[in-house]
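Step one of this worksheet: look at the structure below.
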Amino acid sequence: QVQLVESGGGLVQAGGSLRLSCAASGATYNINDMGWYRQAPGEQRELVAVVVNGVGTKYADSVKGRFTIDRHNANSAVYLQMNSLKPEDTGVYYCYAKTFVDYWGDGTLVTVSS
């Protein structure tokens, strides 16, 4: 079992920045991929950024050049630095970890005002 706890969401004006944090506990030694998804109101959950096998990174096209994912294997944490935020970045951001199964945090709300 892996537990994920997110923090760092909030309200920010367009053009601003936020940094999301996710702390993992439990069977973290089994984690392969770790990253972030988001879900906007009325939309499906979508990939934002993920670190694959602890090495490679993958970003949604809509956030490339603005968001940076960073994973710390020593403390089983993953961070998402979000710059140049846009109103369309608004949503609930979920931390994700993949072992033999998928684990999800409860989410943290990011609201970007225009």
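Quick note on my numbering: the sequence shown kicks off at 6 and runs consecutively.
C-beta: ideal position from N, C-alpha, C; glycine also.
Asked: For the region 64 to 75 against the region 45 to 55, are there 3 or more C-beta pairs whose distance is under 8 Å?; Found: yes
Asked: Please report whether the beta-carbon of Gln44 lies at a distance below 8 Å from any beta-carbon of chain D.; Found: Of the protein chains in this structure there is only one, and it is not chain D.
Asked: Quick one: complete beta strand (DSSP E) runs, 3+ long, within the region 35 to 119?; Found: 38 to 44, 51 to 57, 61 to 64, 72 to 77, 82 to 87, 96 to 103, 107 to 109, 113 to 118
Asked: Check the C-beta distance from Thr95 over to Thr113 and give it rounded, since I have them as a contact under 8 Å.; Found: So it is not a contact: roughly 12 Å between Cβ atoms.
Asked: Starting from the Cα of Arg76, find the closest Cα among Asn88, Cys100, Trp109 and give me that residue.; Found: Cys100
Asked: Spatial neighbours of Ala45 within its chain, please: CB distance less than 7 Å, with the 5 preceding and 5 following residues excluded, ordered by chain position.; Found: Thr95, Gly96
Asked: Terminal residues of the continuous beta strand (DSSP E) containing Ser22?; Found: Counting along the chain, Ser22 falls outside any beta strand (DSSP E), and DSSP gives it neither H nor E.
Asked: Comparing C-alpha positions only, which one of Ser118, Met87, Val106 sits nearest to Met39?; Found: Val106
Asked: What does DSSP give as the partner residue(s) for Gly15 in the beta ladder?; Found: Val115
Asked: Which one of Asn78, Glu48, Gly47 has the shortest CA to CA distance from Val35?; Found: The residue you asked about is not Val; residue 35 is Asn in the sequence shown. Comparing Cα-Cα distances from Asn35 to each of Asn78, Glu48, Gly47, the minimum goes to Asn78.
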